[in-house]
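Trainee:
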Amino acid sequence: MMAAETTNCSNCGQANPAGMRFCGHCGAALASVTQTLEGAATTTAGSTSDPTLTLETSSAGIAAAEPPSTGSSPSPNPASAAPVPTLAAATLAVPTLAVPTDPIARERERDRLLSLASVQRMRAQILDARSTLLQAIVISEGMPGPQVAPIHEMLGDLLAAEERWEQAASAYEQAQLRDPTRASAERKFGEMTLRISDEKAMAALGGGAVPGTDAITSGSKAKRNPGFAMILSLIGPGFGQFYNGQFVKGCLCLGVFVVAVFFITLTSDGQTLRCVFLPASEGCRGLSVSPVSWVCLLAAVGAWLFSLIDAPVAASKTEDTLGDGGPAIDKSGWEV
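Going left to right, the sequence shown walks through residues 81 to 416 as this note's numbering numbers them.
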């Protein structure tokens, strides 16, 4: 009589009859049954092509067998094999493509690439959209200018969105050269030219944080405060003109005032000014004012009043100009 086969539990060491899946003493899974199930599941996962079975074995904690790899089989994830180029490292190198010889096929391919670039642009895929437009430029080689101009204009819009002003201006210029009647490309080219000039001017001023000259020596084209100019002219004739940058006019006002007062002080009518304003004071009675003193007095008062009125008027005329002397231009419509 053959002895009954038993299986020892790896947890408690007790013997269990053959065929039992769990130990009757501690309830742990028997080792022989676990190995049998793992072998069967591995064989099933390796031999079947049903994705449902593979998913079930993986969810049960059983590792599915991987198919043997061959040297000619492609990688399952080709996108991860090559590094993805970043936006900063992207260049404007024109790709090499197989251009269709059929004109109709080329036109259809161009339209397809333009539609794809528009979709990529709406999805903020700037790098992909720019690459698609470069392909469209290659496809459109030899086509009439009005059909190629929109591609260069769209490329300029993408470059402007990346704040690459010079390359965007070059793209707009290409669009304008291929279609001189395209008003939008001409307008954008002018706006890019102004933006480049502004960038160079700001760079020359050290980034625009601190002006290269102060408010007095920066000229009459900078912004001026009319109230402050009037206060300066009230303190002294010509000071408001100096603030506005009108040095010649300020020197004339100040010079006339100083010369007139100094001349009156040095003449024999030195007490004239005091007697004019204080005729009842002691020592002023009976003094006559010479005509020359009256002329000097009127010249000094006239220079002071002229400076007081002219300074705020001249300052108010500079409020509509920028500090660099250029006109105030609205650039709100050019952004992509």
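Glycine included, every Cβ here is placed at the ideal spot set by N, Cα and C.
1) In this structure, what does DSSP give as the bridge partners for N88?
2) Within the continuous alpha helix (DSSP H) that includes D208, where are the two ends?
3) Check whether chain D comes within 8 Å of A283, counting only Cβ atoms and requiring the distance to be less than that.
4) Once DSSP output is grouped into helix, strand and coil, what is the label at A431?
5) Using the C-alpha atoms, what's the distance from A108 back to A95?
6) Quick one, are the C-beta atoms of A309 and V336 less than 8 Å apart?
7) Less than 8 Å between the C-beta atoms of R258 and I219, yes or no?
8) Can you tell me whether K397 is buried or exposed? The criterion is at least 16 other CB atoms within 10 Å of its CB, across all chains shown.
9) Below 6 Å CB to CB, which residues in the same chain sit around R210 once its five sequence neighbours on both sides are set aside?
10) What are the residues that DSSP puts in a beta bridge with F102?
11) Would you say D390 touches the ligand HEM, meaning its beta carbon is less than 7 Å from a heavy atom?
12) With DSSP as the reference, label G222 as helix, strand or coil.
13) First and last residue of the alpha helix (DSSP H) that includes G325?
14) Is G236 helix, strand or coil when you go by DSSP?
15) So is V228 buried or exposed if we call it buried at 16+ other beta carbons inside 10 Å?
16) Can you tell me whether P97 is buried or exposed, with buried defined as 16 or more other CB within 10 angstroms of its CB?
17) Does A383 come out as helix, strand or coil in the three-state DSSP assignment?
Mentor: Well, looking at it:
1) A95
2) 206-219
3) In the structure shown, chain D cannot be found, because there is only a single protein chain.
4) No information on residue 431 is available, as it lies outside the stretch 81 to 416 that the chain covers here.
5) 12 Å
6) no
7) no
8) exposed
9) L238
10) A109
11) No copy of the ligand HEM appears in this structure; indeed no ligand is present at all.
12) coil
13) It is not in any alpha helix (DSSP H) - G325 carries neither H nor E in the DSSP assignment.
14) helix
15) buried
16) exposed
17) helix
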